[in-house]
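Here is the structure we will look at, set down as C-alpha cells.
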C-alpha cells in the first residue's frame with residue numbers, strides 16, 4: 608500500500624467518523640432535550656424505555672423507519688425528496704472544517720512491515736486556509752433546503768414556514784458575518800487552527816509596545832470580543848431556527864412550518880440537520896471565543912510534556928494528548944449545546960416583526976460598531 | 013486523464029448544463045434553482061484554481077443571499093400568467109431564436125478570440141499576483157490599484173437599490189391594485 612493511498616484512506620475514514628459522530632450525537636441530544644425540558648418544567652420526560660429512558664432513542668429510530676411512506680398529492684416529487692437529503696449537507700460540511708482536537712504529531716513507526724514517516728494527524732475533517740469563509744458559505748446554502756421543502760410539499764403552511772425561515776436566515780446571516788469580522792481582525796487570519804493557536808496560554812496582549820499579561824485568565828477571544836460573542840451566539844440561534852427564533856415552525860400559527868408534510872425518516876433528517884446547525888454553532892463559539900480544544904492556561908505542547916512524564920515519550924503519549932484535547936473540546940461544546948436547550952425551554956417565541964427588528968435594527972448596527980471599534984483599537988494598540 | 017482534468021471537465025459540464033437549465037426550464041422556480049447550481053459550480057471552479065476566498069465569497073453573496081431573495085420573490089408571485097406568456101406565442105419564439113443566435117455568436121467569438129491566447133507565453137499586461145496568501149493579495153489590490161472601480165461599483169449598487177425601492181413604491185409596492 609502506497610503512502611498516498613494510505614493517506615487518502617485515513618482521511619476518508621476520518622471524515623466518515625466525524626460525520627457519524629455528528630449524526631450519532633443527535634439521538635443523545637434529543638434525549639437530553641426531552642429530559643432537560645421535563646426537568647425545567649417539573650415533569651418526568653421519557654423514563655420508561657431502558658435505564659433513564661435512554662433506550663427511547665432506539666425505539667424512536669424504529670418508529671421513524673417503520674412509518675408509512677407518504678407523498679403529498681400536489682407536491683413536486685424531485686424537490687420533496689431532495690430536500691431532506693440535502694438538509695444534512697451544509698451542517699456536515701461545516702462541521703468537518705472545524706478543528707476538534709490538538710494535532711497528533713506521530714514519530715516514525717512500523718506498520719504493515721513498512722516504516723511510516725513522521726506524520727501529523729489532524730482531528731479535523733479537512734483543513735481549509737479560509738476556514739471561516741468556507742463555513743459561512745456552506746451554511747448559507749441551508750436556506751435552499753428549507754425553500755425546496757416548502758415549495759416541494761405543495762402546502763401553504765409549508766411554503767409560509769419556508770419563506771419565514773429563509774428570510775430569517777439571510778437577515779441574521781449579515782449580523783453573524785459582521786460579528787465574525789471583529790474576530791478575524793483580532794486574530795488576523797481566516798484559518799480556524801491558527802485562531803485556536805493564538806488563544807493559547809494566559810491572557811496577554813501587546814498594547815503600544817508594552818506586553819500586558821494577566822496570569823489567571825486564559826487568552827480566550829471572549830475577553831477581547833465579548834460583544835461579538837453575544838451577537839454571534841444570538842444570530843446562531845436564529846440561523847438554526849431554534850427558540851426564541853423558531854418562527855419558521857411556529858406550531859400555533861403554521862402547524863409545523865416547512866416540514867409539515869414530512870413524516871418518518873424524512874422528518875428525522877430535517878431534525879438531524881437542525882441539531883447539526885446547533886452543534887456547528889456551538890463548535891464555532893468554542894473555536895472563536897473559548898480557546899478551541901485547548902485546556903485553559905496550558906498549551907497543548909506543555910500538556911504533551913506532562914503526558915509524556917506519565918506515559919513515557921512515544922506515539923502513545925501523543926495520541927493520548929490529542930484525544931485529551933478532543934475531550935476538552937467536546938466538553939466545552941456540550942456547555943453551549945446545553946445553553947441552546949436551556950434557552951429553548953426558558954424564553955417564549957418572538958413576534959415576527961420583533962424578530963426582524965432585532966436582526967436589522969439592533970444586532971446589525973451593534974455588529975458594525977463592534978467591527979469599527981475593534982479596527983480602531985487594534986490600530987491604537989499596534990502604534 | 014489526470015484527476016485535475018477530470019475535475020475540471022466534470023465541474024465545467026455541470027456548470028454549463030445548470031446554466032442551460034436556467035434558460036430552458038419553463039418554471040421560474042426551476043430556473044432559479046438551476047442558477048443556484050450554476051453559482052455553486054462556478055465557486056467549485058474557483059476552488060480548483062486556488063482562489064478559495066473568491067469561492068467562499070461567491071457562495072456567500074450570490075448563492076447564499078442574492079438568489080435566496082430571488083427564490084423567495086418567485087415563490088410569492090402567482091406565476092401562471094408569466095409562464096404562459098414566456099412559453100407560447102410567435103413573439104416569444106422570435107426572441108428565443110434571437111437569444112440563441114446571440115449566444116451562439118458569443119460562443120464562436122469567444123473561441124475565435126481566445127484560441128491562441130493559451131499558447132502565448134509572454135505576460136500581456138495581466139499581473140499574476142496570486143502567490144502564497146491570495147486573500148491578502150486580493151485585499152491589497154482591491155484597496156490600492158483597483159480602489160476606484162471598487163468604490164464605483166459600491167455606488168452603483170447603492171443607486172440600483174435606491175432605484176428599485178423608488179420603482180416599487182411608484183407602482184404601489186406589495187399593495188398595488190390591479
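Residue numbers (this note's numbering), protein chains in the order written: chain A, 608 to 990; chain B, 13 to 190.
Idealized CB from N, CA, C, for every residue including glycine.
Could you tell me if residue i is buried or exposed, where buried requires 16 or more neighbouring beta carbons within 10 angstroms of its beta carbon?
| i | result |
| --- | --- |
| residue 174 of chain B | exposed |
| residue 923 of chain A | exposed |
| residue 787 of chain A | buried |
| residue 986 of chain A | exposed |
| residue 106 of chain B | exposed |
| residue 139 of chain B | Residue placement at residue 139 of chain B is flagged as unreliable, the pLDDT there being 49, under the threshold of 50; the coordinate-derived value follows with that caveat. Residue 139 of chain B is exposed by the Cβ-count criterion. |
| residue 658 of chain A | exposed |
| residue 681 of chain A | exposed |
| residue 577 of chain A | There is no way to answer for residue 577 of chain A, as the model of chain A reaches only from 608 to 990. |
| residue 989 of chain A | exposed |
| residue 823 of chain A | exposed |
| residue 158 of chain B | exposed |
| residue 21 of chain B | exposed |
| residue 976 of chain A | exposed |
| residue 982 of chain A | exposed |
| residue 75 of chain B | buried |
| residue 35 of chain B | exposed |
| residue 136 of chain B | The predicted model places residue 136 of chain B with a pLDDT of 49, which falls under 50 and marks its position as unreliable; any figure quoted below should be read in that light. Burial call: exposed. |
| residue 612 of chain A | exposed |
| residue 108 of chain B | exposed |
| residue 160 of chain B | exposed |
| residue 649 of chain A | exposed |
| residue 151 of chain B | exposed |
| residue 676 of chain A | exposed |
| residue 916 of chain A | exposed |
| residue 162 of chain B | exposed |
Which residues share a DSSP beta bridge with residue i?
| i | result |
| --- | --- |
| residue 27 of chain B | According to DSSP, residue 27 of chain B bridges with nothing at all. |
| residue 568 of chain A | There is simply no residue 568 of chain A to check, as chain A begins at 608 and stops at 990 in what is shown. |
| residue 713 of chain A | A:726 |
| residue 708 of chain A | A:730 |
| residue 809 of chain A | A:825 |
Would you please state the rounded distance, in angstroms, between the beta carbons of residue i and residue j? I believe it to be under 8 Å.
| i | j | result |
| --- | --- | --- |
| residue 966 of chain A | residue 782 of chain A | 6 Å |
| residue 697 of chain A | residue 746 of chain A | 5 Å |
| residue 799 of chain A | residue 902 of chain A | 18 Å between Cβ atoms; not a contact. |
| residue 940 of chain A | residue 893 of chain A | 5 Å |
| residue 79 of chain B | residue 48 of chain B | 5 Å |
| residue 832 of chain A | residue 898 of chain A | Rounded, the Cβ-Cβ distance is 13 Å, inconsistent with contact. |
| residue 992 of chain A | residue 935 of chain A | Outside the shown range of chain A (608 to 990) lies residue 992 of chain A, about which nothing can therefore be said. |
| residue 758 of chain A | residue 686 of chain A | 6 Å |
| residue 884 of chain A | residue 860 of chain A | In fact, because the Cβ distance is near 22 Å, the residues do not count as touching under 8 Å. |
| residue 896 of chain A | residue 836 of chain A | 4 Å |
| residue 707 of chain A | residue 735 of chain A | About 14 Å; that fails the 8 Å criterion. |
| residue 932 of chain A | residue 709 of chain A | 4 Å |
| residue 64 of chain B | residue 887 of chain A | At roughly 19 Å, the Cβ-Cβ gap does not stay under 8 Å, so residue 64 of chain B and residue 887 of chain A are not in contact. |
| residue 679 of chain A | residue 760 of chain A | 6 Å |
| residue 656 of chain A | residue 662 of chain A | 4 Å |
| residue 862 of chain A | residue 764 of chain A | 5 Å |
| residue 828 of chain A | residue 790 of chain A | 6 Å |
| residue 864 of chain A | residue 674 of chain A | At roughly 19 Å, the Cβ-Cβ gap does not stay under 8 Å, so residue 864 of chain A and residue 674 of chain A are not in contact. |
Inset, instruction - Take every Cβ of the segment 736 to 756 of chain A, pair it with every Cβ of the segment 684 to 702 of chain A, and state whether three or more of those distances are shorter than 8 Å. - result: yes
Legend entry - alpha helix (DSSP H) runs wholly inside the segment 813 to 884 of chain A, at least 4 long, in chain order: 833 to 846 and 858 to 861
Legend entry - Contact the segment 804 to 824 of chain A vs the segment 836 to 851 of chain A: 3+ CB pairs below 8 Å: Verdict: no, contact absent.
Legend entry - 4-residue-minimum alpha helix (DSSP H) runs that sit fully inside the segment 877 to 935 of chain A, ordered along the chain: 907 to 918
Inset, instruction - Examine the Cβ distances between the segment 47 to 65 of chain B and the segment 22 to 39 of chain B and report whether three or more of them are shorter than 8 Å. - result: yes
Inset, instruction - May I ask you to verify whether the segment 866 to 880 of chain A touches the segment 752 to 761 of chain A, counting CB pairs closer than 8 Å and requiring at least 3? - result: Cβ pair count under 8 Å is three or more, so yes.
Legend entry - alpha helix (DSSP H) runs contained entirely in the segment 742 to 783 of chain A, provided each spans 4 or more residues: 749 to 759
Legend entry - Touching by the beta-carbon criterion (3+ pairs, under 8 Å), the segment 625 to 643 of chain A and the segment 945 to 955 of chain A: yes
Inset, instruction - Check whether the segment 705 to 714 of chain A touches the segment 764 to 774 of chain A, taking contact to mean three or more Cβ pairs, one atom from each stretch, closer than 8 Å. - result: no
Inset, instruction - Entirely within the segment 640 to 674 of chain A and at least 4 residues each: give me those alpha helix (DSSP H) ranges in chain order. - result: 663 to 673
Legend entry - Those runs of the alpha helix (DSSP H) which lie wholly inside the segment 37 to 111 of chain B and span at least 4 residues: The segment 37 to 111 of chain B contains these whole alpha helix (DSSP H) runs: 40 to 60, 64 to 70, 79 to 88 and 92 to 99.
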